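**Student:** Sharing a structure, written as structure tokens. Questions coming.
In full-length UniProt numbering, the protein residues as written are 1 to 221.
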């Protein structure tokens with residue numbers, strides 16, 4: 001594949017002067033440590049989400065990044081997705097007025113291996129985190145209140161590992177809007193990712209994941 005070097009120890013990558021940037025895609029419980037060490041080695045960092053489950057640890061990472069003067073980005077890929085970018089543009093252009101309701105559906109085709117579940121940080125940190133980010137991105141507002149309900153309906157082993165596989169989350173935003181997220185680790189029909197922003201002048205929504213133009217409903221009296 002044209003890969004010049006392969007290392008079993010990530011620290012050797014950080015010591016290589018030929019490497020300018022690193023991608024941290026290891027298990028969640030190692031993201032912060034590797035990101036800190038990479039910054040200290042003056043490498044730019046692309047870190048998979050989440051950076052860490054502890055806010056103080058995240059602040060420590062950001063401190064090291066700023067001190068080193070390197071670039072740091074977290075893998076919130078949906079901000080670059082065709083469908084979500086189109087919805088964001090419609091909202092910013094005022095096509096649907098002031099956002100009132102945001103609905104996001106996020107369902108995986110199958111649950112991850114149990115060994116991964118044990119080190120991923122849990123469904124909210126591993127999967128729903130994208131939806132939390134999308135609510136903030138599409139609304140342009142911060143979350144001020146959260147209610148969540150979860151269960152183990154897909155695989156009992158996930159529950160034994162201390163996690164859930166099904167959830168619904170309601171979020172209240174600073175601008176007064178309300179968001180609802182529903183998640184499942186197993187959709188038998190395949191990957192399912194949808195979003196809708198309903199506002200004072202109409203609504204804009206995506207359907208299933210394949211690339212398409214978001215559907216917009218607008219009617220003013």
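We treat Cβ as the ideally placed atom computed from N, Cα and C, and that holds for glycine.
Remember, predicted model here, so these are calculated numbers, not experimental data.
Using only alpha-carbon positions, find the residue among 52, 30 and 203 that is nearest to residue 125.
**Tutor:** For the purposes of this step, residue 125 is taken as residue 125 along the chain shown, with counting starting at 1. That would be 52, whose Cα lies nearest to the Cα of residue 125.
**Student:** Pick from 84, 88, 36 and 48: whose alpha carbon is nearest that of residue 65?
**Tutor:** Here residue 65 corresponds to residue number 65 of the chain shown, with the count starting at 1. Considering only alpha carbons, the answer is 36.
**Student:** Distance, Cα to Cα, residue 154 vs residue 116?
**Tutor:** Translated into the one-based positions of the chain shown, residue 154 becomes position 154. Translated into the one-based positions of the chain shown, residue 116 becomes position 116. Their Cα atoms are separated by approximately 16 Å.
**Student:** DSSP on residue 105, reduced to helix/strand/coil?
**Tutor:** By one-based count along the chain shown, residue 105 stands at place 105. It is a strand residue.
**Student:** Given residue 57, which residues of its chain have a CB within under 6 Å of its CB, disregarding the five upstream and five downstream residues?
**Tutor:** Locating residue 57 in the chain shown gives position 57, counting from the first residue. Excluding positions up to five away in sequence, the list reads 32.
**Student:** Please go through the same chain and pick out, in chain order, the residues whose beta-carbon is closer than 7 Å to the beta-carbon of residue 221, but skip the five residues on each side of it.
**Tutor:** As a working note, residue 221 is residue 221 in the chain shown. Because residue 221 carries a pLDDT of 38, less than 50, the predicted location of this residue cannot be relied on, and no value is offered for it.
**Student:** Within the same chain, show all residues whose beta-carbon is closer than 7 Å to that of residue 44, passing over the 5 residues directly before and after it, in chain order.
**Tutor:** Numbered from its first residue, the chain shown carries residue 44 at position 44. Correct list, in chain order: 20, 21, 70 and 71.
**Student:** Are there 16 or more other CB atoms within 10 angstroms of the CB of residue 25, so buried, or fewer, so exposed?
**Tutor:** By 1-based counting over the chain shown, the position of residue 25 is 25. Per the 10 Å Cβ criterion, exposed.
**Student:** If residue 55 and residue 195 are in contact, beta carbons under 8 Å, what's the gap, nearest whole angstrom?
**Tutor:** Numbered from 1 along the chain shown, position 55 holds the residue referred to as residue 55. Numbered from 1 along the chain shown, position 195 holds the residue referred to as residue 195. About 27 Å; that fails the 8 Å criterion.
**Student:** Could you give the uninterrupted runs of the beta strand (DSSP E) lying entirely in the UniProt domain "GFO/IDH/MocA-like oxidoreductase" (84-204), keeping only those of 3 residues or more?
**Tutor:** If we require 3 residues or more, the beta strand (DSSP E) runs fully inside the UniProt domain "GFO/IDH/MocA-like oxidoreductase" (84-204) come out as 99-107, 143-151, 166-173, 178-184 and 192-199.
**Student:** Is it true that the stretch 73-84 meets the stretch 155-162, where meeting means three or more beta-carbon pairs spaced less than 8 Å apart?
**Tutor:** Contact between the stretch 73-84 and the stretch 155-162 is absent, because fewer than three Cβ pairs lie under 8 Å.
**Student:** Tell me which residue opens and which closes the alpha helix (DSSP H) that residue 61 is part of.
**Tutor:** As a first step, residue 61 must be located in the chain shown, where it is residue number 61. Residue 61 -> alpha helix (DSSP H) spans 55-68.
**Student:** According to DSSP, is residue 32 part of a helix, a strand, or is it coil?
**Tutor:** The residue given as residue 32 occupies position 32 in the chain shown. Note: residue 32 maps to helix in three-state DSSP.
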